[in-house]
Amino acid sequence: MSTLKRTHTCGQLRGKDVKSTVTLSGWASSIRDHGGLIFIDLRDRYGVTQVVFNPDRGKEFFELAQQLRPEYVIAVQGQVAARPFGTSNPNLATGEIEVYVDTLDLLNKSETPPFDIVDDNNVSLELRLKHRYLDLRRPLMQRRLTFHHKICQTIREYLDRLNFVDIETPVLTKSTPEGARDYLVPSRVNLGKFYALPQSPQLFKQILMVAGYDRYFQIVRCFRDEDLRAQRQPEFTQMDMEMSFVDENDIIQVIEGLMATIFERVLEKKVTVPFPRISYDEAMTSYGCDAPDLRFGLKIKNVSDIIQKSEFKVFLETLKSGGLVRGINAVGCGHYSRKDIDDLTAFVAQFGAKGLAWFKVEDSGLTSSIAKFFPAETLQKLQAYMEAKKGDLLLFVADKPKVVNQSLAQLRLHLGHKNKLIDTTVFNFSWVVDFPLFDYNEDMKRYEALHHPFTSPHPKDLPLMEEKPLDVKARAYDLVLNGVELGGGSIRIHTPEIQKRVFRLLGIDDESAHKKFGFLLDALKYGAPPHGGIALGVDRMVTLLLQLDDIREVIAFPKTQKATCLMTEAPSEVDPQQLKELGIRTL
RNA sequence: GGGGCCGUAGCUCAAUUGGUUAGAGUACCAGACUGUCGAUCUGGAUGUUGCGGGUUCGAUUCCCGUCGGCCUCGCCA
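In this note's numbering, the protein residues as written are 2 to 588.
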């Protein structure tokens, strides 16, 4: 049983502490045994302090010190001393001093860890996740999780200051088959019935507005049973908020203030507000996607008009069947080889593009294997319109709008990274606004909500709803950082009449609307205030602010791509008795 | 559900065209060493080449299946 209790942390002692007697606890990190003298880097969450064992200060503890191995847990008591001249370590915050140990307490041994507990150990994610307790012991991971904590703490303080109330919403709730697949939880006391884990607290926060909590927020776990990506986990955390008696600008201002506060307090950086706003149409036209990376150019241009004066069948037939021909000017890529262009063609093929037409810009103008199908005048127009100079490479995709946009959006990012056009030191925020309210699903032959079915249409578009639903704009807004959607929100529908009209357009009849969302429709009847809100992906935000590209690097216990936890081995089979109680049988 | 990459010592990797004793660095163990901080020096031990099958005189290498990890398309209101 240890009698030593720490007086300081391992990151605390400085020159001014010399001669004081201290006790430190932590993990033995680097052990350097010189035979007659042993140096150990003692590590805890706060830093590293070098402790020195000298046989002159007690043989008993020196012999014990010889038994120490990496990751043994110890407490030491001793005297702080300035390091001898020339031996201080400028890489360590505590590098001016060391502790001469008088008493050593071995609190616990450790097996040899499967990997070194250091920042740059270069170990596979698989092994790190299996022994996450060791991985999280690395200072790097401790800094990341602490950063995550500070972001959340700042969010809470900021919103509290603005009178927001943190209110918890249920985790066991009702399945809403719209949107992502639900995680289901069987109910023992209601055999054959299921709860769902929330994809977001969307409906509850609207209900809270009806209940008069005009400023709500929550840092809340959300669940979606869909396939994983580096940026996507089945459970993730959202900063969710909702306000009453507001319009788009109020929400946007609160969030801009929040981001500015986070940058100031946590990153100690300035961020310029307000953030630029770009319409959905402009985003799709110039960047091919609704979350454009505005850190670089290479804008997409529509050449459907210009190339009508050509004999290139691929282009002409695409236009005839309602497709588009669009392209980008890959500035300075005129030297690309046949193979380089083949690689780009293969790249866009992933997104459905059947080909990639190209022109190189030379002294004589545009050259290409397909140039012969284009009149000289058209080639000149093309070059001028694409703002192409000698040495540039023009790349075009002809296809259905969806394929053209996605291919070029990805190609643009690919070229941006490949040619180092992106300043990775900047944080570029923008709002994407004026989204369409509906999207047409070709496979299902029906309209779908682009955002979600509770998003309010622009009032001026209300008359268009039934005749031209695709022309109706939504009062929705997405926050984009460096080409990644940080989150989105909208002003909601607050009258049952409009909500019913939207449901009807989505093919949800009154009966099923009542079954699925009856409680919301009921609530809207009893004096629902106008309201709106937003939700931001916290893990995603932290990842971006730390300039990482994998969300698992900032989540303590993430899942693998197959949605398993390598440490706990969840999910796992359960006792047949458990299933029996739930009235469930596996197939 | 589709496409791709990977799996060799505790860890990170190598191993010629398929070739006979599967190597290196590091970690580990032992010894030496009173100013190291990636300690150093000397020595030592370490393999179901993910698993199963096939082809072959011979498989880490080629083929099929399977398990696991990663990337990606679809999916993610």
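The beta-carbon is built from N, C-alpha and C at its ideal position, and this holds for glycine as well.
Here the structure is a predicted model, which means the values were calculated and not measured.
Handout entry: According to DSSP, residues forming a beta bridge with Ser408
Key = Bridge partners of Ser408: none, in fact.
Exercise for the section: Could you check how far apart the C-beta atoms of Ala557 and Leu137 are, in whole angstroms? I think they sit under 8 Å. Expected result: 6 Å
Practice task
Go ahead and label Lys302 buried or exposed: buried means 16 or more other beta carbons lie within 10 angstroms of its beta carbon, across all protein chains shown.
Solution key: buried
Problem - Contact test: Val575 Cβ vs the ligand HEM heavy atom, cutoff 8 Å - result: Absence of the ligand HEM from the depicted structure is noted, as is the absence of any ligand whatsoever, leaving it without description.
Handout entry: Rounded separation between Ile256 and Ser431 - CA only
Key = 12 Å
Practice task
Kindly give me the distance between the Cβ atoms of Arg541 and Val485, rounded to whole angstroms, as I take these residues to be in contact under 8 Å.
Solution key: 7 Å
Exercise for the section: Please name the residue, chosen from Gly16, Glu99 and Gly534, that lies closest to Val53 on a Cα-to-Cα basis. Expected result: Glu99
Handout entry: Local Cβ density within 10 Å of Arg327, reported as buried at 16 or more and exposed below that
Key = buried
Exercise for the section: Look up Tyr281 in the DSSP assignment and say whether it is helix, strand or coil. Expected result: helix
Exercise for the section: State the beta-bridge partners of Asp241 as determined by DSSP. Expected result: Gln219 and Ala536
Problem - Cross-strand partners of Val555 (DSSP beta bridge) - result: In DSSP, Val555 forms no bridge with anything.
Handout entry: Span separating the alpha-carbon of Phe224 from that of Tyr217
Key = 20 Å
Practice task
Would you be able to state if there are at least three C-beta pairs under 8 Å between the stretch 39-47 and the stretch 63-70?
Solution key: yes
Practice task
Starting from the N-terminal side, write out each stretch of the beta strand (DSSP E) that is 3 residues or longer and does not extend beyond the stretch 356-410.
Solution key: 358-363, 366-368 and 394-400
Exercise for the section: Compute the distance between the beta-carbons of Met244 and Asp251, then report whether it is under 9 Å. Expected result: yes
Problem - DSSP state of Pro178 mapped onto helix, strand, coil - result: coil
Exercise for the section: Can you tell me which of Val74, Leu409, Cys11 and Phe276 puts its alpha carbon nearest to the alpha carbon of Lys110? Expected result: Val74
Practice task
State the start and end residues of the unbroken alpha helix (DSSP H) segment that holds Asn250.
Solution key: Glu249 to Ile263
Exercise for the section: Compute the Euclidean distance between the alpha carbons of Val398 and Asp291, then round it to the nearest angstrom. Expected result: 19 Å
Handout entry: Reference Leu1; option with closest CA among Pro171, Gln143 and Ile308
Key = Outside the shown range of the chain, which is 2 to 588, sits residue 1, and nothing can be said about it.
Practice task
Tell me whether the beta-carbon of Gln51 lies closer than 9 Å to the beta-carbon of Arg84.
Solution key: yes
Practice task
Check whether the stretch 452-465 touches the stretch 476-490, counting contact only when three or more Cβ pairs, one atom from each stretch, lie closer than 8 Å.
Solution key: yes
Problem - Asp479 classed as buried or exposed, judged by whether at least 16 other C-beta atoms fall within 10 angstroms - result: buried
Problem - Endpoints, alpha helix (DSSP H) assigned at Arg157 - result: Pro140 to Arg162
Exercise for the section: From the DSSP output, in three-state form, read off Phe224 for me. Expected result: strand
Problem - Spatially closest choice to Gln207 from Val543, His132, Phe246 and Val19, by CA coordinates - result: Phe246
Practice task
Flag this pair as touching only if the stretch 566-576 and the stretch 278-291 have three or more C-beta atom pairs under 8 Å; answer yes or no.
Solution key: no
Practice task
For the alpha helix (DSSP H) holding Ala66, just list the boundary residues, first then last.
Solution key: Lys60 to Gln67
Problem - Bounding residues of the alpha helix (DSSP H) (the contiguous stretch that carries Lys501) - result: Pro497 to Leu506
Problem - CA-to-CA distance, Asp393 to Cys334, given in whole angstroms - result: 5 Å
Exercise for the section: Let me know the alpha helix (DSSP H) ranges lying completely inside the stretch 317-349, each 4 residues or longer, listed in chain order. Expected result: none
Handout entry: DSSP-derived helix/strand/coil call for Gly488
Key = strand
Problem - Contact under 9 Å by Cβ, Gln407 with Phe360 - result: no
Practice task
Buried or exposed for Lys517, please, with buried defined as at least 16 other CB atoms from any protein chain shown within 10 angstroms of its CB.
Solution key: buried
Practice task
Rounded to whole angstroms, what's the CA-CA distance from Ser125 to Arg33? Just pull it up for me.
Solution key: 27 Å
Exercise for the section: Using a threshold of 9 Å, state whether the C-beta atoms of Ala524 and Val221 are closer than that. Expected result: no
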